[in-house]
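Using the numbering used here, the first residue of the sequence shown is number 106, and each one after it goes up by one.
Virtual Cβ for every residue (Gly too), placed ideally from N, Cα, C.
Here the structure is a predicted model, which means the values were calculated and not measured.
Quick notes on the structure that follows.
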Amino acid sequence: MNDKTHEFEAHDFFRSDRFVNDPYAYFDYLREQAPVLREPHQGIYMVTGFEEALEIYNDPERFSSCMSTTGPFAGCPIPLKGHEKDDISALIEEYRDQTPFSDQLPTMDPPAHTDHRSLLMRLITPVRLKQNEEYLWGLADKQIATFLSTGACEFMGDFAQPFAVLAVSDLLGVPAEDRIQFRKQLIRQEQERGGAGVGGVDEGEVQHSPLEWLYDTFSTYIEDRRRNPSGDILTGLAQATFPDGSVPQAIDVARVASNLFAAGQETTVRLLSYAFQLIGDRPEIQQRLRADRSLIPNFVEECLRFEGPVKGDFRLAKKPTQVGGVDIPAGSFLYIANSAANRDSRQFDNPGEFQEDRANARLHVAFGRGRHACPGAPLARAEAVISLNRMFEHTSDIRIDEAVHGPADARRYSYLPTFILRGLTHLNLRFDPLPGGAR
Ligand code: HEM
């Protein structure tokens with residue numbers, strides 16, 4: 106056993122901060138042994154292979170999402186012991202209401218997931234996304250104008266967080282007069298969550314429904330629009346029905362709307378910050394994108410592949426099964442490491458190299474796959490493409506602030522200490538504003 110091997114095995118990925126700055130070397134180490142491997146500390150099956158990740162994402166018959174965001178770390182109310190050889194589907198249903206975040210879309214399985222997801226897809230229609238995208242161009246200009254003349258910003262707080270909250274607020278038709286309150290409330294919550302320990306979740310720390318404020322606000326909107334339809338977007342939400350035509354309760358609609366904020370905030374903020382970190386660190390790539398803006402969408406895909414904001418999510422095996430030739434007993438937790446699958450050399454050539462023109466970058470699993478695949482992907486992509494375009498228009502050069510992050514050969518970046526998210530805690534940039542300023 107060499108030193109590196111020993112070090113990797115000595116640390117618990119889910120509890121130690123050893124892998125926060127660089128999870129990739131550890132993921133490579135696991136994949137080299139096997140694309141599906143039971144780690145010794147928690148007994149979780151680590152899925153680091155691309156094909157294997159896809160197989161699991163695409164099979165809700167064998168793998169439940171019931172604890173997809175927390176795994177066993179926020180407590181597992183289901184008595185799994187002794188059922189390794191059984192089909193535990195009925196057991197999961199029996200305890201489902203007690204599992205963390207059980208009222209939220211990411212943890213649902215079919216058929217409930219199918220119904221609620223279809224409700225959600227009525228909110229995110231292509232027409233709505235198109236209108237939203239038009240709004241984002243102007244929103245980016247306005248947000249940039251708040252700091253442009255200073256030639257410097259803390260990119261997350263000054264740009265990405267307000268931009269991402271207001272983007273989803275517009276998508277859902279939150280009235281303009283309420284958006285400031287949304288921004289304050291959600292950024293505060295995000296900052297509080299960002300400070301969580303390595304796990305990001307812990308038994309006892311997770312409230313069953315941490316989104317109460319959003320639920321209340323959206324329930325009020327929905328009830329109001331049902332009484333007084335006005336033809337606005339919220340009225341559209343209020344009138345959305347389940348696939349069988351039945352009318353959901355106001356709280357059901359409120360929940361899916363709230364899920365969009367919960368799932369779309371921190372993730373998108375990390376994608377935007379990584380894109381700007383990279384162009385700050387790699388001036389030659391910045392110059393290339395500035396010279397040919399048509400390269401930006403593929404650059405964003407490569408950012409998602411190379412440094413996707415969701416490091417991984419969990420599944421629970423519903424029956425004894427096999428993946429990648431490895432036996433998996435019923436009741437086992439699997440951690441699908443998107444960030445590892447995206448660097449599987451069987452799928453991507455030279456996966457540890459950032460290539461902005463990589464031909465198959467878009468095949469990444471940064472947005473998951475299958476029934477739970479991220480419905481906010483078009484919005485996240487649009488936010489990134491628009492931010493880059495607008496910042497390029499208003500500046501002539503974007504640089505990493507060396508007073509904060511150190512010189513090019515010794516950068517200091519700090520990353521979120523969670524096993525779910527991958528991303529910076531802050532990003533300080535400097536730039537040369539172009540005459541004329543933001544429109
Ligand atoms: C770069 C940004 C984003 C990334 C990397 C990302 C990633 C993901 C991933 C990996 C999943 C699947 C989780 C699983 O299968 O267990 C997911 C689901 C989800 N995402 Fe995103 N997401 C992003 C942005 C957004 C945005 C902007 C929204 C909303 C506007 C959003 C809303 C959702 C929702 C509601 C789900 C749950 C879908 C379901 O369970 O059916 N996401 N996301």
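For residue j and residue i, the rounded distance between their alpha carbons
{"i": "Thr204", "j": "Cys181", "result": "7 Å"}
{"i": "Val125", "j": "Leu224", "result": "36 Å"}
{"i": "Asp214", "j": "Pro483", "result": "23 Å"}
{"i": "Arg331", "j": "Val352", "result": "11 Å"}
{"i": "Glu458", "j": "Arg387", "result": "13 Å"}
{"i": "Gly385", "j": "Ala442", "result": "27 Å"}
{"i": "Asp506", "j": "Thr251", "result": "18 Å"}
{"i": "Asp502", "j": "Leu394", "result": "12 Å"}
{"i": "Asp492", "j": "Asp514", "result": "For the record, residue 492 in the displayed sequence is Ser; it is not Asp. Straight-line Cα distance between these residues: approximately 27 Å."}
{"i": "Asp449", "j": "Asp337", "result": "46 Å"}
{"i": "Gln312", "j": "Thr325", "result": "Residue placement at Gln312 is poorly supported in this model, since its pLDDT is 43, which falls under 50; the coordinates still yield a value, given next. One C-alpha to the other measures close to 22 Å."}
{"i": "Leu339", "j": "Ala345", "result": "10 Å"}
{"i": "Arg474", "j": "Tyr162", "result": "6 Å"}
{"i": "Cys258", "j": "Ser194", "result": "50 Å"}
{"i": "Ala115", "j": "Ile525", "result": "21 Å"}
{"i": "Ile433", "j": "Cys408", "result": "32 Å"}
Residue i beta carbon near the ligand HEM (any heavy atom closer than 6 Å)
{"i": "Thr372", "result": "yes"}
{"i": "Val415", "result": "yes"}
{"i": "Leu210", "result": "yes"}
{"i": "Pro480", "result": "yes"}
{"i": "Asp418", "result": "yes"}
{"i": "His469", "result": "no"}
{"i": "Ala446", "result": "no"}
{"i": "Gly528", "result": "no"}
{"i": "Leu484", "result": "yes"}
{"i": "Ala368", "result": "yes"}
{"i": "Arg233", "result": "no"}
{"i": "Asn364", "result": "yes"}
{"i": "Arg222", "result": "yes"}
{"i": "Gly473", "result": "yes"}
As assigned by DSSP and simplified to three states, the class of residue i
{"i": "Asn403", "result": "helix"}
{"i": "Pro177", "result": "helix"}
{"i": "Arg167", "result": "coil"}
{"i": "Ala343", "result": "helix"}
{"i": "Leu276", "result": "helix"}
{"i": "Thr153", "result": "coil"}
{"i": "Tyr518", "result": "coil"}
{"i": "Arg463", "result": "coil"}
{"i": "Ser121", "result": "coil"}
{"i": "Cys258", "result": "strand"}
{"i": "Gln427", "result": "strand"}
{"i": "Arg293", "result": "helix"}
{"i": "Leu529", "result": "strand"}
{"i": "Asp337", "result": "coil"}
{"i": "Arg375", "result": "helix"}
{"i": "Ser501", "result": "strand"}
Residue i classed as buried or exposed, judged by whether at least 16 other C-beta atoms fall within 10 angstroms
{"i": "Val554", "result": "Coverage of the chain is limited to positions 106 through 544, which leaves residue 554 absent and any answer about it impossible."}
{"i": "Asn237", "result": "buried"}
{"i": "Gly528", "result": "buried"}
{"i": "Lys190", "result": "exposed"}
{"i": "Ala269", "result": "buried"}
{"i": "Glu160", "result": "buried"}
{"i": "Thr174", "result": "buried"}
{"i": "Asp275", "result": "buried"}
{"i": "Gln266", "result": "buried"}
Hey, is the region 528-540 in contact with the region 421-436, meaning 3+ C-beta pairs nearer than 8 Å?
In this structure the region 528-540 does not lie against the region 421-436, because fewer than three pairs of beta carbons, one per stretch, are closer than 8 Å.
Do the region 425-432 and the region 110-121 meet, that is, are 3 or more Cβ pairs less than 8 Å apart?
No contact exists between the region 425-432 and the region 110-121.
Within the chosen definition, does the region 403-411 reach the region 143-151 through at least 3 CB pairs nearer than 8 Å?
Contact between the region 403-411 and the region 143-151 is absent, because fewer than three Cβ pairs lie under 8 Å.
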